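*Asks:*
Residue numbers (UniProt numbering): 1 to 225.
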């Protein structure tokens, strides 16, 4: 029988690996080695193995013959599907949040936006992705719909790894925060439809270079990309 402490450790390990995936700590196609992750987390291999099984069950990871647990590589069709779902979910969350945010929360979002700009200026990709997630989570939680936020976070698992590749093109990366600044202007005006549109533009803008890193849809040419 599992003890409460054992279950808690498994849950903490799962939550940490889930967040690492969302933040792009692992890249598409990367093999995840249980003993390496256990060393990084300072835990035994058992909770890591259990966490990887859970994440594979959510399609955040895949088990490949002769390779083990791997971060999946999206095809362009899969990426487009994920993008369309994100536009629907995150646009709705921003719409709902726009009229519910307290003035203090808008001030906090403004501060996070400034921190993202600073991270981009210093080319600190991990810092940018970390603050970017905090920014969007805070905004979406203000929607008042915990289920909507859960769905958004689950979808993020599919695109977190590829998001790290935004920084492969520094000139493009420096344009990323413009969408957040536009979003902030609409939130300050309590413009719900404008907030929805700003989030949708943000997602589609970032998607343009990322789609180029996806596998082609034709399985006969997928290994040549």
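Note that beta-carbon positions come from the ideal geometry of N, C-alpha and C, so glycine has one too.
Quick caveat, the model's predicted, so the values are computed rather than measured.
#1: Per DSSP, what are the beta-bridge partners of residue 70 in this structure?
#2: Sort out for me which residues DSSP pairs residue 215 with in a bridge.
#3: Quick one: what's got a C-beta closer than 8 Å to residue 170's C-beta in the same chain, skipping five residues either side?
#4: Smallest Cα separation from residue 207: which of 80, 66, 15?
#5: May I ask you to report which of helix, strand or coil DSSP gives residue 8?
#6: One question on the structure: do residue 120 and residue 179 come within less than 8 Å of each other, judged by their Cβ atoms?
#7: Look up residue 123 in the DSSP assignment and say whether it is helix, strand or coil.
#8: Of the residues 204, 209, 192, 211, which one's Cα is nearest the Cα of residue 92?
#9: Let me know if residue 84 comes out buried or exposed under the rule of 16 or more other beta-carbons within 10 Å of its beta-carbon.
#10: Roughly how many angstroms lie between the CA atoms of residue 131 and residue 64, to the nearest whole one?
#11: Would you say the stretch 8-21 touches the stretch 51-58, given that touching needs at least three Cβ pairs under 8 Å?
#12: Residue 24 and residue 164 - do their beta-carbons sit closer together than 8 Å?
#13: Roughly how many angstroms lie between the CA atoms of residue 197 and residue 147, to the nearest whole one?
#14: What does a CB cutoff of less than 7 Å around residue 152 pick up in its chain, not counting 5 residues either side in sequence?
#15: Nearest to residue 55 by alpha carbon, out of 158, 181, 76, 183?
#16: Could you check if residue 150 is buried or exposed, using at least 16 other CB atoms within 10 Å of its CB as the buried criterion?
#17: Please classify residue 59 as buried or exposed, where buried requires at least 16 neighbouring CB atoms within 10 angstroms.
#18: Under 8 Å between the Cβ atoms of residue 76 and residue 216?
#19: Verify whether the separation of the beta carbon atoms of residue 22 and residue 133 is less than 8 Å.
#20: Output the distance between the C-alpha atoms of residue 109 and residue 71, rounded to the nearest integer angstrom.
#21: Distance check for residue 144 and residue 226, CA to CA, integer angstroms please.
*Replies:* So, from the data block:
#1: As computed with DSSP, residue 70 is found in a beta bridge with 31, 62.
#2: Answer is 75.
#3: Annotation for residue 170: 123 place their beta carbon closer than 8 Å to its own, counting only its chain and skipping 5 residues before and after.
#4: Here the closest residue by C-alpha is 80.
#5: Here residue 8 sits in helix by DSSP.
#6: In this structure, residue 179 does not lie closer than 8 Å to residue 120 by Cβ.
#7: In the structure shown, residue 123 sits in coil (DSSP, three-state: anything other than H, G, I, E or B).
#8: Nearest option by C-alpha distance: 192.
#9: Result: exposed.
#10: In a straight line, the C-alpha of residue 131 is about 33 Å away from that of residue 64.
#11: Counting Cβ pairs under 8 Å, three or more are found: they touch.
#12: Yes, Cβ-Cβ distance for residue 164 and residue 24 is below 8 Å.
#13: Residue 197 and residue 147: Cα-Cα distance of roughly 22 Å.
#14: Closer than 7 Å at Cβ, skipping near neighbours: 89, 90, 93, 140.
#15: The residue from 158, 181, 76, 183 with its alpha-carbon nearest to that of residue 55 is 158.
#16: Exposed, by the Cβ-count rule.
#17: Residue 59 is exposed by the Cβ-count criterion.
#18: Result yes, Cβ atoms of residue 76 and residue 216 sit closer than 8 Å.
#19: Closer than 8 Å, so yes.
#20: Cα to Cα, the separation comes out at about 31 Å.
#21: Shown here, the chain extends from 1 to 225; a query on residue 226 therefore has no answer.
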